[in-house]
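Peer 1:
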Amino acid sequence: MKRTKIKLLDTVALVKDMPEFGLVSGQVGTVVEVHSSSAFEIEFANLKGETIAELPLAANDIMLLHYEKELANS
Numbered sequence: 001m002k003r004t005k006i007k008l009l010d011t012v013a014l015v016k017d018m019p020e021f022g023l024v025s026g027q028v029g030t031v032v033e034v035h036s037s038s039a040f041e042i043e044f045a046n047l048k049g050e051t052i053a054e055l056p057l058a059a060n061d062i063m064l065l066h067y068e069k070e071l072a073n074s
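Count the sequence shown with our numbering and you get residues 1 to 74, in order.
#1: Which same chain residues, not among the five before or five after MET18, have their C-beta less than 7 Å away from its C-beta?
#2: Taking the DSSP output, what are the residues bridged to GLU43?
#3: Among GLU20, VAL24, MET63, which has the Cα closest to the Cα of PHE40?
#4: Per DSSP, which residues does ALA59 bridge with? Please list them.
#5: What distance in whole Å lies between the Cβ atoms of LEU55 and VAL34, which are believed to be in contact at a cut-off of 8 Å?
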């Protein structure tokens with residue numbers, strides 16, 4: 001399976017629970033900084049737009065979300 005490159009401002013989901021940060025698997029976040037091709041700063045916010053957590057995560061800890069099939073296959 002081809003892995004799509006994660007970029008700044010992409011929408012991602014957490015793939016594991018992180019109770020120490022109040023986060024659960026599936027929680028949606030935004031890439032706010034790209035440290036390297038495998039390390040990213042992700043911001044998680046509530047529905048009011050308030051930041052819940054912002055932390056560095058490895059590519060293995062997140063999955064890129066797609067809004068359209070064509071984007072997922074590119």
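Quick reminder that beta carbons are idealized off the backbone N, C-alpha and C, glycines included.
Peer 2: Result, derived from the coordinates:
#1: none
#2: THR30, GLU54
#3: MET63
#4: Its beta-bridge partners do not exist; DSSP assigns none.
#5: Not confirmed; about 14 Å, so no contact.
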